[in-house]
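The end of the sequence shown is residue 179 by this note's numbering, with every number in the run present. The C-beta atom is built at its ideal place from N, Cα and C for all residues, glycine as well. The model shown is predicted, which means the values in this text are computed figures rather than measured ones.
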Amino acid sequence: HRDLHSFPTRRSSDLPKRNFDSYFSISRRGQWFVCRDFHKIYVWDLSTHPLSIRESDEGKAINALAIAPDESIYAFAGDTRRISLRNLRTGASAGELFGHEASINCLAFAPAGRSLLSGDAAGAVKIWNVQTARFLCDLAQFERKVERVQFSPSGRYLAISSWRGPLVVYDLANLRSED
1 HRDLHSFPTR RSSDLPKRNF DSYFSISRRG QWFVCRDFHK IYVWDLSTHP
51 LSIRESDEGK AINALAIAPD ESIYAFAGDT RRISLRNLRT GASAGELFGH
101 EASINCLAFA PAGRSLLSGD AAGAVKIWNV QTARFLCDLA QFERKVERVQ
151 FSPSGRYLAI SSWRGPLVVY DLANLRSED
């Protein structure tokens, strides 16, 4: 049993002294760290340590971040009701996804990285093709805001939680809800 403080750490002094609360994402292989400070995105390459500030998103709140499994792009969304896709290394636009009618609260890439789920404050859950930057379908509608969407590592299961609502798990192989 080792104390967490005995493990090597990455230099975090480059990050502003802010409260990033739950708005951060770490890439699958651990090279990239993306976090937000209300309306700015900070992208940190943990292997080489450079930190860059990437977005201002029109001064509106950013509520959700996700990094694609292949570490090629990241997605962010929030009060603009738009999902922005960006190249992780350069910050160049990789597309924008429109279709939510309320603030977007959560994002999750499917394990293969071709699809992205989004949940919003009106209870809508949508699925997108990130390669074509196109809407695929409305997956679910909840009575209250969707707070989290998450795929299982295999991609077979999808869990969705809504504010003060039940946690719903979908078996995508059988396309049924298990709550």
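Beta-bridge partners of residue i, as assigned by DSSP
i    : result
R36  : I41
K126 : S118, D138
Integer Cβ distance of residue i from residue j, believed to fall under 8 Å
i   : j    : result
R86 : S103 : Not quite, the Cβ-Cβ distance comes to about 19 Å (not below 8 Å), so this is no contact.
A75 : I83  : 6 Å
Limits of the unbroken beta strand (DSSP E) element including residue i
i    : result
G78  : 73-78
A68  : No beta strand (DSSP E) contains A68, which DSSP labels as neither H nor E.
Y157 : 157-162
E96  : 93-98
S25  : 24-26
R148 : 146-151
A112 : Careful: A112 lies outside any beta strand (DSSP E) and carries neither H nor E.
R86  : 82-87
L46  : Where L46 is concerned, there is no enclosing beta strand (DSSP E), given that its DSSP letter is neither H nor E.
L167 : 167-171
Own chain, CB closer than 8 Å to residue i, minus 5 neighbours either side, in chain order
i   : result
N63 : Y23, A77, G78, D79, S103, I104, N105, C106
Residue i beta carbon near the ligand ATP (any heavy atom closer than 8 Å)
i   : result
A77 : This structure does not include the ligand ATP; it has no bound ligands of any sort.
C-alpha gap between residue i and residue j, whole angstroms
i    : j    : result
A247 : W128 : Since the displayed the chain opens at 1 and closes at 179, residue 247 lies outside it and no answer follows.
A92  : S72  : 11 Å
G30  : A122 : 33 Å
R164 : D120 : 14 Å
A124 : F151 : 17 Å
S115 : L136 : 9 Å
Same chain, Cβ closer than 7 Å to residue i, five either side skipped, listed in chain order
i   : result
A61 : F38, H39, G78, D79
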